[in-house]
Structure formats: structure tokens, C-alpha cells
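Chemist: Quick one: structure below, then a few questions.
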Amino acid sequence: MEIYSLRASNNFLFRDNSRNARSVGIADFGKAGKSDAASGFEETVRGIDFTRISPRDLREIARDYYHAGKISQDTLFELSSELPAQTLSASGEVIDIADVTEDTEFDFLTYFSDRAEIARSIGTADEVEKMQDVLSFFALA
Numbered sequence: 006m007e008i009y010s011l012r013a014s015n016n017f018l019f020r021d022n023s024r025n026a027r028s029v030g031i032a033d034f035g036k037a038g039k040s041d042a043a044s045g046f047e048e049t050v051r052g053i054d055f056t057r058i059s060p061r062d063l064r065e066i067a068r069d070y071y072h073a074g075k076i077s078q079d080t081l082f083e084l085s086s087e088l089p090a091q092t093l094s095a096s097g098e099v100i101d102i103a104d105v106t107e108d109t110e111f112d113f114l115t116y117f118s119d120r121a122e123i124a125r126s127i128g129t130a131d132e133v134e135k136m137q138d139v140l141s142f143f144a145l146a
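Residues 6 to 146 in the working numbering are what the sequence shown lists, from first letter to last.
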């Protein structure tokens, strides 16, 4: 009795035919891929629009950068912190952002740029440095 392995493909079953399989040589196992995981990660992050990203997605990207050693814990904390109900623009206008949820797209680049501008005007040196680190994260990505 002969036993064949079956694979499902859409709505029909077909026999696993060894004629259709690609032969794998020993040399194939030693070859490195065209791009390694680090460069793939960098390309993915470069394609992100930080003017339209959800807080959840920003936190995930920041966490990956932190684990890779590219940003400090303070920068991770700033990028991961919850948004306030209201914020100030660089021109001093009060902006209501209470309707931003975890999955709502938000302009984080402008938000942190405004915070950096306010910190330069009336903030402490530590606050200015934190905001510069956050803006450097956006420049890296």
C-alpha cells in the first residue's frame, strides 16, 4: 500500500508530487539572505510616517529601538507616555487631543516639535535635552 501526503490548496486537494519540488543542495544552506534582519528593520522604520501613526504603533517601534540599544530609557518613556487631554502648540494655542485613542492616527512629529519649542522657551535644560532626544529618534527613523 502506498501512502501519499496531501496538501490543501484553496478548494481542492492534490497529491504532493516530488517532481514539483525544488531540489536543495548543501550549498543552499550556507548562503546568507540578501538582507539581514537589522537592515530590514531599518527599512521598515524609514517607511513610517510619524505624522500619521497611532500611539500603540509608536510605542512598539520605540520599544524595538530601545531593545536594539538605539534610544535611551528616558526617550522610550517620553515616546510611550500617554497623551494629555490638551496640549499647547508652539504658538501658544490650546489643542484638544482628548479624542485620540490607542489606535487613532496622530501627528507625533508636530506634537514633540511643539513640546521641544516650548521647552527651549520656558523649560529646563533637562526637558530640552529629552525633547531633542525624541526628535533625534524621529530623525533616525
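No residue lacks a Cβ here, since even glycine has one placed at the ideal position from N, Cα and C.
(1) What's the gap between the Cα of residue 86 and the Cα of residue 131?
(2) Can you look up residue 55 in the DSSP assignment and give me helix, strand or coil?
(3) Could you tell me whether the Cβ atoms of residue 136 and residue 146 are closer together than 8 Å?
(4) Looking at residue 88: is its Cβ nearer than 8 Å to the Cβ of residue 63?
(5) Please identify the residue among 59, 68, 94 and 54 whose C-alpha is closest to the C-alpha of residue 106.
Modeler: In short:
(1) 17 Å
(2) coil
(3) no
(4) no
(5) 59
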